[in-house]
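Visitor: To start, I am sharing the structure in question, which I have written as structure tokens.
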Amino acid sequence: MKEEISYLDGEFLKNSEAKISPFDLGFTRSYAVFEFLRTYNLKPFLLDDHLKRLFFSARILGIKHKFTKDFIKKIIFKLLEKNKNLNSELNLRIFLTGGESKNFLFSQKPKLYIIVTKLKPIPEKFYLKGIKIITKNFHRDFPQAKSVNYSILIKYLKEAKRKGAFEVLLVNNEEILECATSNFFAIIKGRIITPPKEKILEGITRKFLISLIKKYKFPFEERKIFIKEIKNFDEAFITATNKEILPVVKLDKLKIGKGKPGEITLKLLEIFRKEINERY
Numbered sequence: 007m008k009e010e011i012s013y014l015d016g017e018f019l020k021n022s023e024a025k026i027s028p029f030d031l032g033f034t035r036s037y038a039v040f041e042f043l044r045t046y047n048l049k050p051f052l053l054d055d056h057l058k059r060l061f062f063s064a065r066i067l068g069i070k071h072k073f074t075k076d077f078i079k080k081i082i083f084k085l086l087e088k089n090k091n092l093n094s095e096l097n098l099r100i101f102l103t104g105g106e107s108k109n110f111l112f113s114q115k116p117k118l119y120i121i122v123t124k125l126k127p128i129p130e131k132f133y134l135k136g137i138k139i140i141t142k143n144f145h146r147d148f149p150q151a152k153s154v155n156y157s158i159l160i161k162y163l164k165e166a167k168r169k170g171a172f173e174v175l176l177v178n179n180e181e182i183l184e185c186a187t188s189n190f191f192a193i194i195k196g197r198i199i200t201p202p203k204e205k206i207l208e209g210i211t212r213k214f215l216i217s218l219i220k221k222y223k224f225p226f227e228e229r230k231i232f233i234k235e236i237k238n239f240d241e242a243f244i245t246a247t248n249k250e251i252l253p254v255v256k257l258d259k260l261k262i263g264k265g266k267p268g269e270i271t272l273k274l275l276e277i278f279r280k281e282i283n284e285r286y
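Numbers given in the working numbering equal positions in the sequence shown, counted from 1, plus 6.
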């Protein structure tokens, strides 16, 4: 079986050979940022947007580095070439860490890792039947930075799995924010609504979808959404790189709309995939 090849701090290695230092601050202190993107027809989806956000996240956390976008792009395209024989679409996870530190606090040399794995598509049944999500009262520190600090979120995602749910919707003071690994949208009386970007991680797929919503002239609003409004949701869905547009039909114990993917959600998914096919 062919094995994925990744980039580890200057070397191209098989994933089974990939290692990081136990002194890396990304490991010891969760002091690192990352990006996750996928390919369509082995072309990276919205690569420039992902790199822009990676560097923005690094600035927020104070990770000062000398890597350039062009340098990372060259590595990514080398990785795509090295992995083209896998006969699979790919996931690429770009990690920019604080680097090795012998005092476990400070480092002068951040590290770059790009991990390649085969893409495992979400089964189509989830798009046809919809998913359940649960709510948890939590908001992330520095939400606009995509950091590797997922400790609480992983705990909540495990709880969601035990409850037969697919995702976790984060709520703070009755205000709906975002999901653990996705952005959230609701539809009320034909209007597509999503929380403002100031308190969330602005997803690349979210941003792309909003551009399509405006292009196709759907009624749209970016505003605060509150728990008390759930009873008014006609439809809901989440967006993410590996989820595209995934319908939500149940939120905790509440059924959303008719309890099946709604007309507008499915239309958006159709448009999204059409645009992807035309561009990639």
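C-beta atoms are modelled at their ideal positions from N, C-alpha and C, and glycine is treated no differently. Owing to the predicted nature of the structure, the values given are computational and were not obtained by experimental measurement.
Identify every residue that forms a DSSP beta bridge with Thr45.
Guide: Counting from 1 along the sequence shown, the entry for residue 45 is found at position 39. According to DSSP, which records beta bridges pairwise, Thr45 is partnered with Pro50.
Visitor: Could you tell me whether the segment 175–193 touches the segment 88–97, where touching means 3 or more Cβ pairs closer than 8 Å?
Guide: Counting Cβ pairs under 8 Å, fewer than three are found: no touch.
Visitor: In terms of residues, what are the limits of the beta strand (DSSP E) holding Arg229?
Guide: Position 223 of the sequence shown holds residue 229. Segment: none, Arg229 is in no beta strand (DSSP E) and carries neither H nor E.
Visitor: Are at least three pairs of beta-carbons, each pair with one atom in the segment 266–273 and one in the segment 147–160, less than 8 Å apart?
Guide: Output reads no: the segment 147–160 does not touch the segment 266–273.
Visitor: List the residues that DSSP assigns as beta-bridge partners of Val154.
Guide: On the sequence shown, residue 154 is found 148 positions in, with the first residue counted as 1. Val154 is not bridged to any residue.
Visitor: Give me the Cα-Cα distance between Phe42 and Leu19, rounded to the nearest whole angstrom.
Guide: What you label residue 42 is simply residue 36 of the sequence shown in a count that begins at 1. What you label residue 19 is simply residue 13 of the sequence shown in a count that begins at 1. C-alpha separation (whole angstroms): 19 Å.
Visitor: Under the three-state reduction of DSSP, which class applies to Ala24: helix, strand or coil?
Guide: Within the sequence shown, residue 24 is the residue found at index 18, counting from 1. Three-state DSSP puts Ala24 in coil, outside helix and strand.
Visitor: Between the C-alpha atoms of Leu92 and Gly196, what's the straight-line distance to the nearest angstrom?
Guide: Reading the sequence shown from its first residue, position 86 is the one you call residue 92. Reading the sequence shown from its first residue, position 190 is the one you call residue 196. Going from the Cα of Leu92 to the Cα of Gly196 covers about 43 Å.
Visitor: Evaluate Pro50 with the Cβ neighbour count: other Cβ atoms within 10 Å of its Cβ, from every protein chain shown; 16 or more gives buried, anything less gives exposed.
Guide: On the sequence shown, residue 50 is found 44 positions in, with the first residue counted as 1. Its Cβ being crowded by 16 or more others within 10 Å, Pro50 is buried.
Visitor: Strictly by DSSP, which residues pair up with Ser140?
Guide: Position 134 of the sequence shown, counting from 1, holds the residue named residue 140. Position check: residue 140 holds Ile in this sequence, whereas Ser was assumed. Answer is Val174.
Visitor: Using CA coordinates, which residue listed in Phe62, Phe110, Thr245 and Ile219 is at the minimum distance from Lys75?
Guide: Along the sequence shown, read from residue 1 onward, the residue named residue 75 stands at position 69. For the residues Phe62, Phe110, Thr245 and Ile219, the minimum Cα distance to Lys75 belongs to Phe62.
Visitor: Figure out for me which residue from Asp147, Tyr286 and Pro253 has the closest Cα to the Cα of Lys273.
Guide: In the sequence shown, residue 273 corresponds to position 267, counting from 1. Here the closest residue by C-alpha is Pro253.
Visitor: Rounded to the nearest angstrom, what separates Ile69 and Thr200 at their Cα positions?
Guide: Residue mapping note: residue 69 aligns to position 63 of the sequence shown, counting from 1. Residue mapping note: residue 200 aligns to position 194 of the sequence shown, counting from 1. Their backbone Cα atoms lie some 30 Å apart in a straight line.
Visitor: Determine the direct distance from the alpha carbon of Lys88 to that of Ile11, and round the result to whole angstroms.
Guide: Counting from 1 along the sequence shown, the entry for residue 11 is found at position 5. Counting from 1 along the sequence shown, the entry for residue 88 is found at position 82. Each residue's Cα considered, the two are about 7 Å apart.
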